[in-house]
Structures are given as structure tokens and as C-alpha cells.
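Enquirer:
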Amino acid sequence: MVENTREIILDTLLALEREETFSHKLMKAVLDKYNYLDGRDKAFIKRVTEGTIERQLELDYYLNYYSTVTVRKMKPLIRCLLRMSAYQLLYMDSVPDSAVCNEACKLAAKRKFHNLKGFVNGVLRNIAKNKNNLPLPDEGNVAEYLSVRYSMPEWLVECFLEEYGKEITATLLEGMLQIHPVSIRFRENLDESERVKLLSDIRATGAEIRQGTYLTNVYTIENVEGVDNLPGFAEGRFTVQDVSSVLAVLAADIKEGDFVMDICAAPGGKSILAAEKASKVLARDVSDSKVDLIKENVERMQLANIEVEVFDATVADERYTEAADVVIMDVPCSGLGVMGKKRDIKYHVTPESLKSITTLQKQIVGHSWQYVKPGGILLYSTCTINPAENEEMVRWIVENFPFEAESLDGVLPQELLAQRREVEQKRKVHSGQTAVESEERLQEAYIQLLPGYMEADGFFFARLRRK
């Protein structure tokens, strides 16, 4: 390991404290900057940085317990140094405890905190000595216990408990902390021999690739530095896309001959899959940067039947009234379903932001629903697990616009639908309510994917047909 690897991690964590930016964007910039490093060093930087961010609430709880100074009152550099070191002590058995403590003290001294070396060493030695018997809040206080145990803001835990109950919430939070490998989808027209050859070529690079649970053309990949370096990527034989996104497009049941509009399309995964099935796709998003990203992916996948343009989905475009067989509305959302990949979303989201995002979603729906031709499909989706953005929004759509719920049976894998029924049954037990017939019909039209129960991101989509 190069001498400055831990210093790179420390500076990355300090940058996140100073700047209003998301960790996944900064992490990419850091790895690009230090691309010359050995692969093991880059993997170490990524693991410790992301792990420290993801486990921050839990780490702070232990640091407060063993420190005479609260985390909030520590110097920013010491706070970040203790967090990243505590993460290594608790979650990286391959790094000796003595090395973690010694390197932290050396780094504190190097950054002009000689007088705090003893403090840093004392806190970390205490955590190391007690790491098999660390304190947790009393389990009687369910929200606080789960908040620390799974490093999730307590107010969010309370929201999940109210909606899902203790059992589902604990499983969900555990699922979010699991490793989330990169997910790729092979293009639709690859035949079996091409797929077998591509899999062999990818495995020859040392990457570990495994077929997903629900679909034969979706795989997860681990032990790879950059997907864009893998065989077949530049030639457009596969694209990066989570299985949840693929399933949402399958739910629309797109046919050859269909005209599809994807109105919030960046980075273009759903548009690309739709174009592999339909005759024509119009992919739109609100800015040049988002549209450039879509174009880059479309060109790599060599698809000539996608038109890409900048357009604000909160503005109605009368040229396309009742024009589309399928309209995909993957609307902006709180992102609570992808906290396992974008680890600091949970620290940025607020109760106020959850309320404001539904206003934007209603604006988009209100101006874009009319693109669906009578008898056509509206596919509404988000990457969140917040009912106000999901189930309640679907209910609002069918109550205010000419759409009716259409069952997902027959268009999604049976295993996935069985998992949905299991979760919904547990939610009914928690709520103590029995749904009326009209509500049951509505429930058949949507699915809430939950990490821990489904092998996918936290994702929601609903299939609605225009009357």
C-alpha cells in the first residue's frame, strides 16, 4: 500500500464535510485522479471511504462512547481520521489493529496535530479492545437501536417503522448495507453463442460475473476496476443497468411497432432497452449535460431508432398529445431506494425535501400524462421507498386522470411477484387493515422492490392503462 493512501481517504472525507456534493461523484473524481495507483490501493481507498460514509452514524456512536470529546466538537480532520480508522478496526479484518492505530497517529502528526496523537491513539485502542462487545442502545427503543445498528437517521427509521413495521424495516436496513455489485444487461439481440463467448471473455479478465435471480440477460459483476474496460462494452454488447430498471421496462410490455416516450430519461438505460423492443423511442431530459449522457450511451449501443432531445417534463408539449403507445415516467425522487449505492443520500434528505419532491412529481405527471394514447400504457417509476412518492402518487394519478390499474401478472417473473405478495402480507399484518377490492386492484398494478427481500435496488413502478 502506498504511503499516502490513507491521506487520500482523509482528504476525500474532509472534502465531503466542506462541500455540498454527493460521495459517489467525488469518489469517481478521486479514483480518476489517482488512476495510476495499483488496483489494490484504489480498492482500499474506495472501500474505506464508502464504508466510513455508510457507517458514519454507527461510528459516531462508538466514538462518542469512548471519547472525552464529542464527535461534533472535534476538529474536522481529527473527526474524519477517527471515523475512517474506526471503520477499519470494525470492518476490515485484513488490516491489523496496531497498524490502524499507528497509521492514524502518524497521519495526525503529519497534519500538524502532534498534541492530539495520544488522544487519537487512546480512543482507537479502546475501540479495538472492546470491538467484540461494543455498546448499542437498548432494543426497547426500537428506532434508536435500529438507527445505530444500521447507521440510518432516526427520523427515517421512524418513517419506515410506521409504514412497514419492525420486521420489514430491520430486513430492509440490513439489505441496504449489503455489498451492491455493478449490474449489467446484455443487449436483447445477443444469441446464446455470443453470450457464452462474452461471458468467457469477461471472466478471463479476472472479473467475477454471476447471472441475476430474475432475468437471464442481467448479471452482477465484482472484482473489476472499470466496467468500460471489459470486453464487449465499447462494442455495445452490454450496458450498465440495475435489474430494477430492466424490470420496470418489462412491466410496460413494449411491442415491436410501438412509439415510446421516456420523459426523464438520463442516463438512458430504460430508453435503450425500450429501443431494443420498440420501433421508435423519444428520450428527453431537462439539461444538455443529461442529454449528452444519454447520447453517449445510445451511440455506444448503436441504436438508430432513438431520438434524444432537451425538454422540460414540467412543460406540456401539445405536438405529442395522444401520440405514444408507452410513456415512461421515471420521475425525480428522493432516492431512498439507492442508499446502498449512493451512501450519503440519507444525510442530505430532510422531511421538507420529501414533501417538496412530490410537488415536482405531480407537475410532471400533470403535464405529461396526455402523451399516452387511449389504450396506451403509462409506466410510472421511482428509485425510492417512500410511499408518498409511490403508492400515494399512483392513487392520485388514477383519481385525477383517465387511467386504470393494470395487473403486473404475466409481465414480471413469478418469483418476484411471490416475493411481493410476501412483503404485502407482512405489511397488512403490521397495519391491521384489510384492503378493499378497488385498493387490491391498484396494488396488483405496482410493485415496491425492497433490498433484503428482493435482489434489486429499492425501486417502485406501476403499470397504468389509459381509458
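No gaps in the numbering here: position 324 of the sequence shown is 355 in this note's numbering, and each next residue is one more.
Using N, Cα and C, we set each Cβ at its ideal position, and we do this for glycine too.
1. For the structure I just gave you, are there three or more beta carbon pairs, one from the segment 370 to 377 and one from the segment 307 to 318, closer than 8 angstroms?
2. Tell me, to the nearest whole angstrom, how far the beta carbon of PRO418 is from that of GLU194; I am working on the premise that it is less than 8 angstroms.
3. Taking THR251 and PRO212 to be in contact with their CB atoms under 8 angstroms, please state how far apart those CB atoms are, rounded to whole angstroms.
4. Between GLU189 and GLN445, what straight-line distance do the alpha-carbon atoms span, to the nearest angstrom?
5. Do ILE359 and VAL291 have their beta-carbon atoms positioned less than 8 angstroms apart in this structure?
6. Which of the three DSSP states is assigned to ARG49 in this structure?
7. What would DSSP say about ASP293, mapped onto helix, strand or coil?
8. So the candidates are MET183, THR80 and ALA117; which of them puts its Cα closest to the Cα of ILE376?
9. Kindly list the residues whose CB is nearer than 8 angstroms to the CB of LEU391, restricted to its own chain and excluding five residues on each side of it in sequence; keep chain order.
10. Please state if the CB of ILE416 and the CB of GLY368 are separated by a distance shorter than 8 angstroms.
11. Along the chain, where does the alpha helix (DSSP H) that runs through PHE75 open and close?
12. Which value, in whole angstroms, describes the spacing of the CA atoms of ARG180 and HIS398?
13. Please report the Cβ distance between VAL429 and GLU435, rounded to the nearest whole angstrom; I am assuming they are in contact, meaning their Cβ atoms lie under 8 angstroms.
14. For MET32, does the three-state DSSP call read helix, strand or coil?
15. Can you list, in chain order, the residues of its chain whose CB lies under 7 angstroms from that of GLU118, leaving out five sequence neighbours each side?
16. Suppose the cutoff is 6 angstroms on Cβ atoms and the five residues either side in sequence are ignored; what does the same chain contact list for GLU486 look like?
17. What residue range does the alpha helix (DSSP H) around LYS197 cover?
18. Can you tell me which of the three DSSP states LEU443 falls into?
19. Please report how far the alpha carbon of GLU340 lies from the alpha carbon of GLY300, in whole angstroms.
20. Quick one: using the 10 Å Cβ neighbour count with 16 as the cut-off for buried, is ALA314 buried or exposed?
21. My output table needs one value for MET58: the three-state DSSP class, helix, strand or coil.
22. Counting pairs of Cβ atoms below 8 angstroms between the segment 346 to 358 and the segment 317 to 330, do you hit three or more?
23. Keeping to the same chain, check which residues put their C-beta closer than 7 angstroms to that of VAL277; ignore five residues upstream and five downstream.
24. Determine the burial state of TRP400: buried for a count of at least 16 other Cβ atoms within 10 Å of its Cβ, exposed for fewer.
25. Per DSSP, what kind of secondary structure is VAL173 in: helix, strand or coil?
26. Pick helix, strand or coil for MET123, following the three-state DSSP scheme.
27. Pairs of beta-carbons, one from the segment 107 to 114 and one from the segment 136 to 156, closer than 8 angstroms: are there three or more?
28. With DSSP as the reference, label LYS311 as helix, strand or coil.
29. If we count the other Cβ atoms within 10 Å of its Cβ and call it buried at 16 or more, is THR101 buried or exposed?
30. Between which two residues does the alpha helix (DSSP H) harbouring ASP319 extend?
31. Please determine, among TYR176, ASN161 and ALA159, the residue with the shortest C-alpha to C-alpha distance to LEU167.
32. Taking only the alpha-carbon atoms, compute the straight-line gap between THR389 and ALA74 and give it to the nearest angstrom.
33. Is there a Cβ of chain C sitting closer than 8 angstroms to that of VAL277, yes or no?
34. At which residues does the beta strand (DSSP E) containing SER412 begin and terminate?
35. Go ahead and label TYR67 buried or exposed: buried means 16 or more other beta carbons lie within 10 angstroms of its beta carbon, across all protein chains shown.
36. I need the straight-line Cα distance from GLU225 to ASN163, nearest angstrom please.
Expert: The answer reads as follows:
1. Three or more Cβ pairs closer than 8 angstroms define a contact, and the segment 370 to 377 falls short of that threshold against the segment 307 to 318.
2. By one-based count along the sequence shown, residue 418 stands at place 387. By one-based count along the sequence shown, residue 194 stands at place 163. Indeed they touch by this definition, with Cβ atoms about 6 angstroms apart.
3. As a first step, residue 251 is located in the sequence shown; it is residue number 220 there, counting from the start. As a first step, residue 212 is located in the sequence shown; it is residue number 181 there, counting from the start. Separation of the CB atoms of THR251 and PRO212 is rounded to 4 angstroms, and the pair is thereby assigned contact status at 8 angstroms.
4. By one-based count along the sequence shown, residue 189 stands at place 158. By one-based count along the sequence shown, residue 445 stands at place 414. Each residue's Cα considered, the two are about 32 angstroms apart.
5. Here residue 291 refers to the residue found at position 260 of the sequence shown. Here residue 359 refers to the residue found at position 328 of the sequence shown. Yes, they are a contact pair.
6. Position 18 of the sequence shown, counted from the start, is the residue given in the question as residue 49. Residue state, collapsed to three classes: helix.
7. The residue labelled residue 293 in the question sits at position 262 within the sequence shown. Looking at ASP293 - three-state DSSP - the assignment turns out to be strand.
8. Taking the first residue of the sequence shown as 1, we reach residue 376 at position 345. Considering only alpha carbons, the answer is MET183.
9. Counted from its first residue, the sequence shown places residue 391 at position 360. Excluding sequence neighbours, LEU391 sits near THR345, VAL362 and PRO363.
10. Along the sequence shown, read from residue 1 onward, the residue named residue 368 stands at position 337. Along the sequence shown, read from residue 1 onward, the residue named residue 416 stands at position 385. Yes.
11. For the purposes of this step, residue 75 is taken as the residue at position 44 of the sequence shown. Membership of PHE75 in the alpha helix (DSSP H) is indicated by the continuous run 70 to 85.
12. Working through the sequence shown from its first residue, we reach residue 180 at position 149. Working through the sequence shown from its first residue, we reach residue 398 at position 367. Just so you know, the alpha carbons of ARG180 and HIS398 end up roughly 43 angstroms apart.
13. Your numbering for residue 429 matches position 398 in the sequence shown. Your numbering for residue 435 matches position 404 in the sequence shown. Rounded, the Cβ-Cβ distance is 6 angstroms, consistent with contact.
14. On the sequence shown, residue 32 is found 1 positions in, with the first residue counted as 1. At MET32 the pLDDT is 44, less than 50, meaning the model places this residue with poor confidence; the figure from the coordinates comes in the next sentence. Correct three-state label for MET32: coil.
15. Here the question's residue 118 lines up with position 87 in the sequence shown. At residue 118 the sequence reads Tyr, which differs from the Glu that was named. Here the set comprises VAL79, GLY82, THR83, ARG86 and LEU90.
16. As a first step, residue 486 must be located in the sequence shown, where it is residue number 455. Hits under 6 angstroms: THR244.
17. As a working note, residue 197 is residue 166 in the sequence shown. From DSSP, the alpha helix (DSSP H) with LYS197 extends over 185 to 207.
18. One-based indexing of the sequence shown puts residue 443 at position 412. LEU443: coil per DSSP, three-state reduction.
19. As a working mapping, residue 340 is identified with position 309 in the sequence shown. As a working mapping, residue 300 is identified with position 269 in the sequence shown. So the alpha carbons of these two residues sit roughly 15 angstroms apart.
20. Walking along the sequence shown from the start, residue 314 turns up at place 283. By the beta-carbon neighbour count (other beta carbons within 10 angstroms, threshold 16), ALA314 is buried.
21. One-based indexing of the sequence shown puts residue 58 at position 27. If DSSP states are grouped into helix, strand and coil, MET58 belongs with the helices.
22. Output reads no: the segment 317 to 330 does not touch the segment 346 to 358.
23. Sequence index remark: in the sequence shown, residue 277 carries index 246 (1-based). Cβ within range, chain order: ARG216, LEU246, VAL249 and LEU304.
24. As a first step, residue 400 is located in the sequence shown; it is residue number 369 there, counting from the start. Result: buried.
25. As a working note, residue 173 is residue 142 in the sequence shown. Reduced to three states, the DSSP call for VAL173 is helix.
26. Here residue 123 refers to the residue found at position 92 of the sequence shown. In this structure, MET123 counts as coil in the three-state DSSP scheme.
27. Output reads yes: the segment 136 to 156 touches the segment 107 to 114.
28. Indexing the sequence shown from 1 puts residue 311 at position 280. Note: LYS311 maps to strand in three-state DSSP.
29. For this step, residue 101 is matched to residue 70 along the sequence shown. In summary, THR101 is exposed, with fewer than 16 beta-carbon neighbours lying within 10 Å of its beta-carbon over all protein chains present.
30. On the sequence shown, residue 319 is found 288 positions in, with the first residue counted as 1. Start and end: 319 to 331.
31. Within the sequence shown, the letter at position 136 stands for residue 167. The option with the nearest alpha carbon to LEU167 is TYR176.
32. Mapped onto the sequence shown, residue 389 falls at position 358. Mapped onto the sequence shown, residue 74 falls at position 43. C-alpha separation (whole angstroms): 38 angstroms.
33. In the displayed structure, chain C is absent; only one protein chain is listed.
34. Taking the first residue of the sequence shown as position 1, residue 412 is located at position 381. Start and end: 403 to 413.
35. Here residue 67 is taken as the residue at index 36 of the sequence shown, counted from 1. Classification for TYR67: exposed.
36. For the purposes of this step, residue 225 is taken as the residue at position 194 of the sequence shown. For the purposes of this step, residue 163 is taken as the residue at position 132 of the sequence shown. Looking at the two C-alpha atoms, the distance is approximately 49 angstroms.
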